[in-house]
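Those letters in the sequence shown? Residues 1 to 210, per the numbering used here, in order.
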Amino acid sequence: MVKQERALRTRETLVRSAAEMFHQEGFTVASLATISRRAGVSNGALHFHFANKAAVADAVEESALARLRAVTADGPKAADCCLQRLVDATYRLARELSDDVVLRAGFELGGDPARPPGVDLRGYWQHWVRETLRQAGERGELRPEVVPEEAATAVVAGTVGMEVLGTRQPEWLDPRTVGRFWRLLLPTLAPTGLLAALSADGVDTEAPEE
Numbered sequence: 001m002v003k004q005e006r007a008l009r010t011r012e013t014l015v016r017s018a019a020e021m022f023h024q025e026g027f028t029v030a031s032l033a034t035i036s037r038r039a040g041v042s043n044g045a046l047h048f049h050f051a052n053k054a055a056v057a058d059a060v061e062e063s064a065l066a067r068l069r070a071v072t073a074d075g076p077k078a079a080d081c082c083l084q085r086l087v088d089a090t091y092r093l094a095r096e097l098s099d100d101v102v103l104r105a106g107f108e109l110g111g112d113p114a115r116p117p118g119v120d121l122r123g124y125w126q127h128w129v130r131e132t133l134r135q136a137g138e139r140g141e142l143r144p145e146v147v148p149e150e151a152a153t154a155v156v157a158g159t160v161g162m163e164v165l166g167t168r169q170p171e172w173l174d175p176r177t178v179g180r181f182w183r184l185l186l187p188t189l190a191p192t193g194l195l196a197a198l199s200a201d202g203v204d205t206e207a208p209e210e
C-alpha cells in the first residue's frame with residue numbers, strides 16, 4: 001500500500017511538472033529530462049510511469065479533463081436556472097485556468113499542431129455549453145427569438161477566446177473581464193422577467209467591482 005501511494009504521488013508530481021514545462025516551452029521543446037528534473041525524480045522513475053513524451057502529454061490532458069468536468073459539475077449550491085449555471089461555470093473556468101497549470105496545459109496541448117489529436121477539452125466545453133443552452137431554451141429561459149445553437153456559438157467563441165488570450169495576458173481571465181462579457185450578452189439571451197433574477201457577476205463568486 002505504501003509503495004502504491006508513493007507511486008501515485010510520483011505520477012501526480014510528474015504530471016504537474018510536465019504541465020508546467022508544456023505551458024512554458026510547448027510540447028515540442030519540453031524534454032523528458034527537464035520534466036523529470038523539475039519533478040525531482042530520475043529518468044528511470046519517469047519511464048516507469050510513462051513510455052514517452054506523448055504518454056506524458058496524454059496524462060496531462062486526461063487530468064485536465066477531470067478538472068474541467070469538476071468545473072462544469074453541479075455543486076451543492078448550483079443554481080436552478082440553466083443560464084445562471086452557465087454564467088457561474090465561466091467564472092470557475094476562468095479562475096481554474098488562472099490557478100491550475102494542469103488545466104491550462106491541457107487546453108494548450110489540445111491546440112498544439114505538434115500533438116496528434118487527443119483529449120479535446122475545448123470540444124468538451126463546447127458540448128457542455130450547447131447542452132446547457134438547449135436545456136435553457138426548453139425551460140423558457142431564453143428570449144423567443146434566441147436559437148440555442150447560435151447562442152452557444154457566441155458563448156463558446158467568447159469564453160474560448162478568453163482562454164486563448166489568457167495564456168499570455170492574464171487580464172483576460174480576470175473576473176472583471178468575465179463580468180463585462182455577461183453584462184453585454186445576458187440581456188440578449190434572457191427574457192426581461194428572468195433577467196432581473198440573474199447575476200452577471202456570478203453566484204458565490206468574488207468578481208470585483210468595475
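Backbone N, C-alpha and C fix where the C-beta goes; we use that ideal spot for every residue, glycine too.
In this text the structure is predicted, and so the values were computed from the model without any measurement.
About 6 Å separates the beta carbon of Val102 from that of Val60, a gap short enough to meet the 8 Å contact definition.
DSSP places Thr10 in the helix class (H, G or I) of the three-state scheme.
Annotation: the stretch 101-183 contains the following complete segments of the alpha helix (DSSP H) (minimum length 4 residues), in chain order: 101-110, 121-138 and 148-165. Here Thr28 has Ala114 as same chain residues with Cβ atoms under 7 Å from its own Cβ, once five neighbours each way along the sequence are excluded. Where Ser63 is concerned, the enclosing alpha helix (DSSP H) starts and stops at Lys53 to Thr72. In this structure, Leu194 sits near Glu141, with a CB-CB distance shorter than 8 Å.
Inclusion of Leu121 and Leu65 in the CB contact set at 8 Å is warranted, their separation being smaller than that value. In this structure, Gly118 sits near Asp58, with a CB-CB distance shorter than 8 Å. Within the model, the alpha-carbon separation for Val147 versus Leu8 is close to 46 Å. With respect to the C-alpha of Thr72, the residue from Arg37, Arg168, Trp125 and Ala45 having the closest C-alpha is Trp125. For the pair Gly179 and Leu133, the Cα-to-Cα distance works out to about 19 Å. Contact between the stretch 91-98 and the stretch 40-54 is not established, with fewer than three Cβ pairs separated by less than 8 Å. One thing to note: Val129 has its Cβ no nearer than 8 Å to the Cβ of Ser63. Taking 8 Å as the cut-off, the Cβ atoms of Thr167 and Glu108 count as close. Taking 8 Å as the cut-off, the Cβ atoms of Val164 and Leu86 do not count as close. If you check the CB distance, Leu83 and Leu184 do not come in under 8 Å. Judged by DSSP in its simplified three-state form, Asp201 adopts coil rather than helix or strand. Considered as a whole, the stretch 12-41 harbours no complete run of any beta strand (DSSP E) with no fewer than 3 residues.
In the structure shown, Cys82 falls within a helical segment according to DSSP collapsed to helix, strand and coil. Counted as a single uninterrupted DSSP element, the alpha helix (DSSP H) harbouring Ala45 occupies residues Asn43 to His49.
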